[in-house]
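My numbering puts the sequence shown at residues 7 to 265. The beta-carbon is built from N, C-alpha and C at its ideal position, and this holds for glycine as well.
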Amino acid sequence: MNFETIIFEEKGHICLITLNRPDKLNALNATLLNELQKALQFCSNSEKCRAIIITGSGKAFAAGADIAQLHEQTATTGAAFAMFGQAIFTELEYMKKPVIAAVNGFALGGGCELALACHMRFASPMAKFGQPEVNLGIIPGYGGTQRLTTLVGSAQATELILTGAIINAEEALRIGLVNRLIDPESLIDECIKIAELIASKAPLAISASLAAIRSAIDCGTAEGMESEARLFGEICGTEDFKEGTAAFLEKRQANFKGK
Ligand code: COA
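Below, the structure written as structure tokens:
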């Protein structure tokens, strides 16, 4: 697939999406967001794709919403502008396939919000994170107030959002914003290895795990437990469940088919 502002690559079962406006630090303009959405929809519909990695070209993951486009917003258009980005990031968050953010550099504003919408975040020690919107006289609008608070807790999220501070990768790791730091030269290869490990598991069990984890965020514990039990039951009816357990008992490698 050919795009103007992203590079889309298929590597076996893994799809790699590289945000590619390096001269603008991969700022998220409308074209980029539309292309990202198209690429994610392709991944959703692809039988081959089992995991997705999002990264950025050059020195940024993404330095936020495109401030030139942001500047044009008014009280009439602003909510729709936010909802446009929110909708795409929510689609991403609810993908049935795992999405990994390989954060190579600046992840600011909408860039940080994009990383937050991914299921896991691995970062280069060079990465920098922040929600600097208050410096521009605005607030995070692509889900940052919600997802950052859920991920790192209200105290850390409030400090980051109210001060607009930019933190380094070590600090992001300390507050639980990222899973792990990985040397820049091996960041993508390591993320591909993690994605391949996940891709080697039963795809329906991976999707069900994502859905059950999601319910831990979206629901109370009782409803979440119900959701876990329902998903567990559904997975007990899959061919891959029979294959996985039979392979263990027969001391052989499982051959999962996603059925
Ligand atoms: N939207 C539009 N353009 C952006 C951008 C954004 N969010 N972030 C960076 N750019 C552009 C710059 O305008 C510059 O373009 P130019 O060369 O045509 O002037 C180019 O990307 C390089 O950025 P520059 O500021 O020169 O790089 P730097 O290394 O000196 O600084 C940052 C890097 C990330 C600290 C700085 O670019 C920055 O503060 N960006 C805005 C971050 C932000 O507020 N994001 C939230 C948006 S809601």
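Open item on the list: In whole angstroms, give me the CA-to-CA distance for Leu210 and Ala93.
Closed with: Rounded to whole angstroms, Leu210 to Ala93 spans 24 Å at the Cα level.
- [ ] Determine, using beta-carbon pairs with one atom in the stretch 52 to 65 and one in the stretch 10 to 25, whether at least three such pairs fall under 8 Å.
- [x] Segments in contact, yes.
- [ ] Compare the beta carbon distance of Pro138 and Gly111 with 8 Å and say whether it is the shorter of the two.
- [x] The Cβ atoms of Pro138 and Gly111 lie no closer than 8 Å to each other.
TODO: Kindly identify the DSSP beta-bridge partner or partners of Ile20.
DONE: Per DSSP, Lys17, Ala57.
TODO: Tell me Phe128's beta-bridge partners as DSSP assigns them.
DONE: Per DSSP, the beta bridge partners of Phe128 are Ala108, Arg186.
TODO: Please report how far the alpha carbon of Gln79 lies from the alpha carbon of Asp195, in whole angstroms.
DONE: Rounded to the nearest angstrom, the two C-alpha atoms are 39 Å apart.
Task: Reduced DSSP secondary structure (H/G/I, E/B, other) of Asn141 - done: Helix at Asn141.
Open item on the list: Checking the sheet assignment: what are the DSSP bridge partners for Phe135?
Closed with: DSSP, once it has assigned bridges, lists Ala113, Ile173 as partnering Phe135.
Task: Three-state secondary structure assigned by DSSP to Leu292 - done: Nothing can be reported for residue 292, as the shown portion of the chain is limited to 7 through 265.
Open item on the list: Below 7 Å, is the gap between the Cβ of Ile73 and the nearest heavy atom of the ligand COA?
Closed with: For the ligand COA, at least one heavy atom lies less than 7 Å from the Cβ of Ile73.
Task: Same chain, Cβ closer than 6 Å to Ser130, five either side skipped, listed in chain order - done: Around Ser130: Asn110, Pro190, Leu193.
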